[in-house]
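Below: the structure, in structure tokens.
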Amino acid sequence: PTTRNYNFVLEERTGALDGVSKGMLVVNGVFPGPTIEVNQGDRVIVNVTNKMPNSTAVHWHGLFQRGTNYYDGTRGVTQCGIPPGESMVYNFTLDNYVGTTWWHSHYETQYSDGISGAFIVHTPTEQVPAYDEDLVIQMSDLYHMWSGAVLNYYFTPGGIAGVPGNEPIPDGGTINGIGQYGASNSSFFNFTLEANKTYRLRLINTGSFVNMQFSIDNHVLTVVEADGTAVQPFQVNSLWLTVAQRYSVLVTTNQTAGAYWMRAGLDTSSFNYPSPNTQTEVRGVIRYGTSDPNAMPNTALLTNPPTLPAGSPGPMAVDSTALAPANVTAAPNATFTSYVTVSMQYPAGQDYLGEFLAFVNSTSWAPLMNTTTLFSHTGSNLVDSSATFNDSQLITTIDEVNVVQLEVDNLDDSDHPFHLHGHKFWVMDIGVGRYQGGAFNNTNPMMRDTFVIPAYSHAIIRFVADNPGFWVFHCHIAWHMAAGLLYTFNILPSQSANFQIPQYMIDQCTMSS
Ligand code: C2O
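Under full-length UniProt numbering, the first residue of the sequence shown carries the number 102, and numbering increases by one thereafter.
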């Protein structure tokens with residue numbers, strides 16, 4: 102194992118990703134931020150310097166942080182936040198996470214403004230077919246306003262377009278930081294590839310809200326990895342990613358030399374009101390090395406099969422029906438059950454800010470912001486007196502190693518891409534309506550860290566709760582998390598009580614805003 106050192110300087114910049122000038126928050130001057138690329142077992146040391154006007158915290162999505170829960174970077178749960186002008190060192194080892202993931206700010210909706218990048222972990226024993234070269238493709242929806250302003254619209258009583266709970270519709274999107282808005286930009290992200298080679302494209306949806314549909318004209322995609330789990334390869338002509346999901350696809354450059362469109366389509370089915378100016382498809386260009394370097398594609402989306410298996414319920418079907426792990430492991434029997442409901446509504450009496458909030462059971466999460474509660478909370482249903490409403494914390498404490506079965510009824514009319522920190526989980530069952538006993542996939546359940554619970558549906562996952570610390574389970578839609586759609590597991594508190602939390606992290610709690 103090697104020690105890998107990174108310096109991240111976070112600052113405010115003006116950018117024009119799709120030709121429209123906008124305020125951004127960036128790492129080392131760029132968006133996407135630096136790719137962290139390491140081997141399994143390596144130590145990663147990232148010195149984060151905050152030159153932004155607000156506090157921050159950086160989260161390493163999908164990583165297990167075994168023994169270092171306090172470096173999980175979740176503001177209001179594992180740290181108070183790095184105040185403006187201050188630095189903090191994150192220092193952790195890559196235990197057994199392998200594959201494609203990403204890092205991002207976990208402070209309010211800050212990552213929507215640009216604080217994100219890829220995180221790749223290699224190992225020679227990864228169970229994916231051979232390929233020649235690795236490429237990272239970070240896709241994202243894009244809002245021209247600051248995320249804080251977008252969030253204010255979302256929180257406005259009465260909602261956007263007069264309907265409470267309407268999610269803000271993005272203006273467009275980007276592929277590796279480049280998009281096209283109307284006629285205002287004619288730049289495209291492009292890769293030049295050699296003919297007759299196999300490339301591994303590491304697709305990451307780093308967006309705030311919408312699902313993205315990725316494809317390359319004339320090329321078949323072979324899916325080989327999802328959220329760090331090698332899968333039994335299957336072929337598609339396009340692939341949907343919810344926010345925070347990752348897939349690796351293999352692409353063979355077996356077409357005639359030329360240029361081909363790479364497409365990232367925004368899922369307009371999640372748009373709740375008309376947004377005629379949204380750029381609903383962003384493009385990039387793939388050029389074969391022998392072709393004219395300025396040639397532009399004149400190609401069309403591959404419409405003939407292969408496509409998703411027959412009978413698939415919809416574009417999200419890869420979550421539940423097509424994905425099987427390469428290394429089939431039966432899920433162990435559950436020894437601990439947690440049942441929760443998810444809903445979005447005005448709080449009873451509507452007397453809290455008049456905001457439309459998200460609830461897990463009857464709790465709408467708000468960050469905990471003082472040392473005593475943050476580092477020593479015990480029990481469940483902690484009340485943070487500094488929050489604007491009561492019952493800001495729903496915490497399930499698990500005192501000994503258990504196989505947790507988490508049963509979620511989504512009572513809301515939106516799909517929710519949920520993510521669990523610090524663990525991967527088995528997807529046991531997803532189905533329409535409330536949970537009434539499962540039809541579990543016990544034989545080859547997919548294991549991942551981000552999956553969608555469709556509107557008015559239930560989902561059952563299992564995970565082995567053996568990693569000490571506070572780990573959150575939350576909807577990764579930035580607007581939903583900010584509205585409180587987050588629930589916390591406090592796992593093995595007798596072990597996390599012995600963590601040596603660096604003093605500078607405790608000091609943040611009295612400095613931070
Ligand atoms: Cu991508 Cu809570 O994280």
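Where is the CB? At the ideal position from N, CA and C, for every residue including glycine.
Do you know how far the Cα of residue 252 is from the Cα of residue 584?
9 Å
Next item on the list: Please confirm whether residue 206 and residue 216 have their CB atoms less than 7 Å apart.
Entry: yes
Between which two residues does the alpha helix (DSSP H) carrying residue 583 extend? Start and end: 579-583.
Taking the alpha-carbon of residue 500 as reference, which of 254, 568, 340 and 344 has the nearest alpha-carbon?
568
- Query: Is it the case that the CB of residue 583 approaches a heavy atom of the ligand C2O more closely than 6 Å?
  - Reply: no
Item to check | Beta-carbon contacts of residue 117 that lie in its chain and below 6 Å, excluding the five residues immediately before and after | outcome: none
Practice item. Excluding the 5 residues preceding and the 5 following residue 582 in the sequence, name in chain order all residues of the same chain whose CB lies nearer than 7 Å to its CB. Key: 575 and 576
Legend entry - Residues sharing a beta bridge with residue 313, DSSP: 342 and 367
Query raised in the report: Where are the beta strand (DSSP E) runs, 3 residues long or more, that stay fully inside the stretch 502-562, in chain order?
Result: 503-511, 517-521, 526-533 and 551-554
Please specify which runs of the alpha helix (DSSP H), each continuous and at least 4 residues long, are wholly inside the UniProt domain "Plastocyanin-like" (234-391), giving them in chain order.
Taken in chain order, the complete alpha helix (DSSP H) segments of 4 residues or longer contained in the UniProt domain "Plastocyanin-like" (234-391) are 248-256.
**Message:** Using a Cβ-based criterion (distance less than 6 Å to any ligand heavy atom), does residue 345 qualify as near the ligand C2O?
**Reply:** yes
Quiz item: According to the neighbour-count rule (16 or more other Cβ atoms, all chains shown, within 10 Å of its Cβ), is residue 397 buried or exposed?
Solution: exposed
Hey, could you find the ends of the alpha helix (DSSP H) residue 604 is sitting in? 604-612
- Exposed or buried, what is residue 272 when buried is set at 16 or more other beta-carbons lying within 10 Å of its beta-carbon? buried
Quick check on residue 102: does DSSP put it in helix, strand or coil? coil
Item checked: Three-state class that DSSP yields for residue 591 in the structure shown -> strand
*For residue 346, collect the residues of the same chain with a Cβ closer than 6 Å to its Cβ; drop the 5 residues on either side in sequence, then sort them by chain order.*
Counting only Cβ-Cβ distances below 6 Å, and skipping sequence neighbours, we find 306 and 551.
Q.
Could you tell me the alpha carbon to alpha carbon distance between residue 318 and residue 228, rounded to whole angstroms?
A. 27 Å
Quick one: does the C-beta of residue 162 sit closer than 6 Å to a heavy atom of the ligand C2O? yes
**Prompt:** Beta-carbon separation of residue 560 and residue 509 under 7 Å?
**Reply:** yes
Next item on the list: Sort 324, 435 and 311 by Cα distance to residue 244 and report the nearest one.
Entry: 311
Cα separation between residue 246 and residue 537?
For residue 246 and residue 537, the gap between their C-alpha atoms comes out near 43 Å.
The stretch 320-328 touching the stretch 341-356, judged by at least three CB pairs closer than 8 Å
yes
ask   = Can we say the stretch 371-386 touches the stretch 263-282, given the rule of at least three CB pairs closer than 8 Å?
value = yes
| field | residue 592 versus residue 467: straight-line alpha-carbon distance, rounded | value | 20 Å
Could you tell me the distance, in whole angstroms, from the CA atom of residue 598 to the CA atom of residue 103? 29 Å
Does the distance from the CB of residue 191 to the CB of residue 165 come in under 7 Å? no
Fill in: DSSP three-state assignment for residue 112, whether helix, strand or coil
Correct three-state label for residue 112: strand.
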